[in-house]
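Residue numbering for the sequence shown follows our numbering, beginning at 1 and increasing consecutively.
Here a beta-carbon is modelled for each residue, glycine too, at the ideal position from N, C-alpha and C.
Please read these numbers as outputs of a predicted model, since none were measured by experiment.
Notes to accompany the following structure.
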Amino acid sequence: MEPSGSTTISSSSNHTLNSAGGDCAWEVSDKTRLCRFLCYGSEGDIYTAREEGRVSMESAGALLSLLQEGRGAEVVEEVKRFAQDGQAVRLGPSFFALALCSQHSELKTRQAAFKALKEVCRDPAHLFSFIQYKKELKEGMKCGIWGRALRKAVSDWYNEQDAVSLAAAVTKCKQRVGWSHQDLLRLSHTKPANEAIALISKYVTKGWKEVQAAYADKENSEVVVKVLSYLEVVEKVKHSCDETEVINLIEEHKLEREQLLTDHLKSKQVWRALLKEMPLQAVLRILGRMTSNKTIELGSSETQALCDRIQSEMALKKAKIHPFSILLASENYKRGQGFQGKTKWEPDSSILKAMDSAFYKSFMNVEPVGKRFVVAVDVSTSLSSIVPGTSISTAVAAAAVTMIFARTETDTHVLAYSEGALVPCSVSADMTLAQTAVELVKIPAGSTDCSLPITWATENDKAVDMFIILTNNPLWTFTSSPVASLKKYRQKSGLNSKLVMCGLTSIGHAIADTEDRGVLSICGFDLGALSVIRNLAQDLI
Numbered sequence: 001m002e003p004s005g006s007t008t009i010s011s012s013s014n015h016t017l018n019s020a021g022g023d024c025a026w027e028v029s030d031k032t033r034l035c036r037f038l039c040y041g042s043e044g045d046i047y048t049a050r051e052e053g054r055v056s057m058e059s060a061g062a063l064l065s066l067l068q069e070g071r072g073a074e075v076v077e078e079v080k081r082f083a084q085d086g087q088a089v090r091l092g093p094s095f096f097a098l099a100l101c102s103q104h105s106e107l108k109t110r111q112a113a114f115k116a117l118k119e120v121c122r123d124p125a126h127l128f129s130f131i132q133y134k135k136e137l138k139e140g141m142k143c144g145i146w147g148r149a150l151r152k153a154v155s156d157w158y159n160e161q162d163a164v165s166l167a168a169a170v171t172k173c174k175q176r177v178g179w180s181h182q183d184l185l186r187l188s189h190t191k192p193a194n195e196a197i198a199l200i201s202k203y204v205t206k207g208w209k210e211v212q213a214a215y216a217d218k219e220n221s222e223v224v225v226k227v228l229s230y231l232e233v234v235e236k237v238k239h240s241c242d243e244t245e246v247i248n249l250i251e252e253h254k255l256e257r258e259q260l261l262t263d264h265l266k267s268k269q270v271w272r273a274l275l276k277e278m279p280l281q282a283v284l285r286i287l288g289r290m291t292s293n294k295t296i297e298l299g300s301s302e303t304q305a306l307c308d309r310i311q312s313e314m315a316l317k318k319a320k321i322h323p324f325s326i327l328l329a330s331e332n333y334k335r336g337q338g339f340q341g342k343t344k345w346e347p348d349s350s351i352l353k354a355m356d357s358a359f360y361k362s363f364m365n366v367e368p369v370g371k372r373f374v375v376a377v378d379v380s381t382s383l384s385s386i387v388p389g390t391s392i393s394t395a396v397a398a399a400a401v402t403m404i405f406a407r408t409e410t411d412t413h414v415l416a417y418s419e420g421a422l423v424p425c426s427v428s429a430d431m432t433l434a435q436t437a438v439e440l441v442k443i444p445a446g447s448t449d450c451s452l453p454i455t456w457a458t459e460n461d462k463a464v465d466m467f468i469i470l471t472n473n474p475l476w477t478f479t480s481s482p483v484a485s486l487k488k489y490r491q492k493s494g495l496n497s498k499l500v501m502c503g504l505t506s507i508g509h510a511i512a513d514t515e516d517r518g519v520l521s522i523c524g525f526d527l528g529a530l531s532v533i534r535n536l537a538q539d540l541i
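Now the structure itself:
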């Protein structure tokens with residue numbers, strides 16, 4: 001098979017191995033393990049889709065080693081990079097690492113960690129998680145966590161916020177993981193930096209009545225007046241039983257559901273008001289529930305407005321929604337039933353059409369990596385299985401991944417293999433998702449050999465920076481090792497090529513026992529898997 005647009009290996013490539021060459025160039029260093037940990041919560045070479053959980057010292061060996069070597073400031077810089085640049089699939093490991101650095105014995109490391117607090121913990125939920133990790137790390141020790149440095153860092157976190165934004169934040173996210181703003185302001189002995197922050201602090205610790213009494217007869221600054229007005233609206237909606245008033249307050253002040261009472265959320269009209277300004281990502285998550293409770297009604301003007309927003313290029317660009325996120329939401333909505341509970345709905349055809357349109361438009365949000373890719377699909381087993389934890393078939397998932405790379409990366413080859421050989425596969429960038437899936441499914445099943453795409457590149461002198469192999473085989477038993485084939489390819493080509501094995505139905509199996517920093521396994525598939533692939537391609541993990 002000879003896909004069009006092939007690139008032969010050039011001796012002038014700037015992706016060549018250094019003069020040391022050999023396997024030593026691919027050893028997994030503590031720095032690499034740290035970056036993996038900050039990206040997806042494990043130092044190992046396996047990323048498991050949708051796997052959440054609290055991180056602990058047992059999973060942070062490299063982090064501890066780097067701290068012991070006196071490289072704490074370097075660790076903090078990595079934490080900031082992963083938390084700020086959207087490179088982390090899960091943020092919990094970043095908060096854990098920052099908490100560990102903040103109580104390290106080296107003063108320079110502690111100072112760097114506390115200085116980075118506001119950059120890493122950008123909202124109250126992040127801050128609460130950081131404090132909880134500090135508490136857990138101190139368990140069993142006689143000393144508490146609220147030393148002078150932490151008190152100052154938390155005080156600065158509040159004092160350096162824009163006052164109006166802080167007023168919104170403390171009323172939307174009041175508490176998480178056992179901590180509240182009242183706890184943090186009290187334990188940090190925060191001294192407000194200005195009158196507006198003092199007002200918010202009083203509201204959190206003393207309540208609205210105390211605020212009213214203190215500020216009623218004062219001549220207040222413009223910022224204080226804005227904060228007072230906002231808090232007054234929040235209090236007004238909390239005590240209102242008038243549906244029309246609640247809706248007007250939502251629309252006028254862009255209130256969010258976290259600021260409403262549970263009883264308010266029993267109203268369809270209230271939900272319709274919320275949907276108008278709700279972040280698009282959140283809208284996609286609750287479409288099923290909104291259809292089930294008739295908030296979304298077939299043919300209504302509100303439903304048409306929602307469809308227009310879902311497929312609006314401006315809205316999609318603002319929300320930075322990835323096409324795979326839309327696909328997950330669309331397939332789940334199409335299913336007509338939630339994963340948990342008894343919620344069922346009849347999918348609205350106009351919404352499905354809007355989501356289909358949004359899927360293709362959202363490719364503009366995928367920033368090219370600029371590398372040379374081979375995306376190979378194993379069709380030796382049926383692609384009719386479902387990717388665990390989703391409503392997507394493995395055929396649709398494989399088609400979506402091939403489309404994402406074919407449409408956004410200029411140098412991408414799409415291959416399919418079965419029965420010990422590559423088979424014809426005419427996938428192009430202008431094909432639809434359905435056409436791509438049909439092209440993959442029509443190929444007959446056979447035996448699995450995941451080394452074939454790498455062998456093809458080796459024999460045909462193709463320059464490839466990354467091989468992405470998608471397989472439906474849950475056991476990952478191979479006639480020959482993909483890792484061994486990758487090493488041969490590197491030796492012949494002189495390229496720093498990497499390999500990602502995606503077991504679409506796998507639940508935790510690795511390709512092989514390899515200590516190669518250019519090889520990763522992905523079990524299952526989700527949006528995070530695409531972030532992991534991107535990070536590996538860019539040498540970030």
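Can you tell which of the options has its C-alpha closest to the C-alpha of residue i?
| i | options | result |
| --- | --- | --- |
| Q332 | W345, K320 and S485 | It should be pointed out that residue 332 corresponds to Asn in this sequence rather than to Gln. Answer by Cα proximity: W345. |
| A416 | S385, D378, A60 and S201 | D378 |
| S312 | L280, R517 and G299 | L280 |
| A434 | T394, K202 and S267 | T394 |
| G524 | G389, E119 and V177 | G389 |
| D30 | E515, R176 and N535 | E515 |
| E243 | S267, K236, S229 and V227 | S267 |
| V211 | E235, G518 and T303 | E235 |
| S506 | T408, V366, R33 and R50 | R50 |
| S531 | V366, S497, Q491 and A457 | V366 |
| S349 | D217, C307, Q491 and V283 | C307 |
| Q103 | G92, K118, D123 and K135 | K135 |
| A116 | K152, Y360 and L504 | K152 |
| S292 | Y133, L100, K226 and R335 | R335 |
Answer yes or no: do residue i and residue j have a C-beta to C-beta separation smaller than 8 Å?
| i | j | result |
| --- | --- | --- |
| L38 | V76 | no |
| I468 | P482 | no |
| R81 | G41 | no |
| L231 | W208 | yes |
| D45 | L452 | no |
| L127 | A113 | no |
| E43 | S59 | yes |
| S357 | H322 | no |
| T190 | S155 | yes |
| L327 | A400 | yes |
| Y47 | I404 | no |
| R186 | T205 | yes |
| K371 | D430 | no |
| A125 | A163 | no |
| K202 | Q259 | no |
| V55 | A83 | no |
| V170 | I200 | yes |
| A421 | T412 | no |
| E409 | C425 | no |
| C457 | V374 | The question names Cys, but residue 457 is Ala in the sequence shown. Result yes, Cβ atoms of A457 and V374 sit closer than 8 Å. |
| V427 | V414 | yes |
Return the Cβ separation of residue i and residue j in integer angstroms, given the expectation that the two are a contact with Cβ distance under 8 Å.
| i | j | result |
| --- | --- | --- |
| T319 | L287 | Before going on, a small fix: residue 319 reads as Ala here, not Thr. With 8 Å as the limit, A319 and L287 do not qualify as a contact, their Cβ atoms being about 15 Å apart. |
| T436 | T402 | 6 Å |
| L536 | V500 | 6 Å |
| N472 | S385 | 6 Å |
Taking the C-alpha atoms as reference points, what is the distance between residue i and residue j?
| i | j | result |
| --- | --- | --- |
| L107 | R71 | 12 Å |
| W146 | S94 | 20 Å |
| D263 | I310 | 28 Å |
| M355 | M314 | 15 Å |
| G21 | L67 | Caution applies to G21, whose pLDDT of 43 falls short of 50 and renders its modelled position unreliable; the value that the coordinates give is listed next. Their Cα atoms are separated by approximately 29 Å. |
| Q337 | T343 | 6 Å |
| W476 | Y158 | Below a pLDDT of 50, predicted positions are generally treated as unreliable, and W476, at 49, falls in that range; the measurement from the model is reported next regardless. Approximately 51 Å, taken between the alpha carbons. |
| L540 | C35 | 7 Å |
| K294 | W271 | 10 Å |
| G518 | M290 | 44 Å |
| R534 | L63 | 23 Å |
| N496 | A529 | 21 Å |
| E297 | L274 | 16 Å |
| G461 | W179 | Strictly speaking, residue 461 in this sequence is Asp, with Gly absent from that position. Spanning the two alpha carbons is a distance of roughly 58 Å. |
| Q538 | Q87 | 11 Å |
| K238 | N194 | 27 Å |
| K488 | R33 | 25 Å |
| E139 | H181 | 22 Å |
| K226 | S300 | 36 Å |
Is there a Cβ of chain B sitting closer than 8 Å to that of residue i, yes or no?
| i | result |
| --- | --- |
| E346 | Protein chains in the displayed structure number just one, and chain B is not present. |
Exercise. Is the number of C-beta pairs between the stretch 246–254 and the stretch 216–223 that are closer than 8 Å three or more?
Worked result: no
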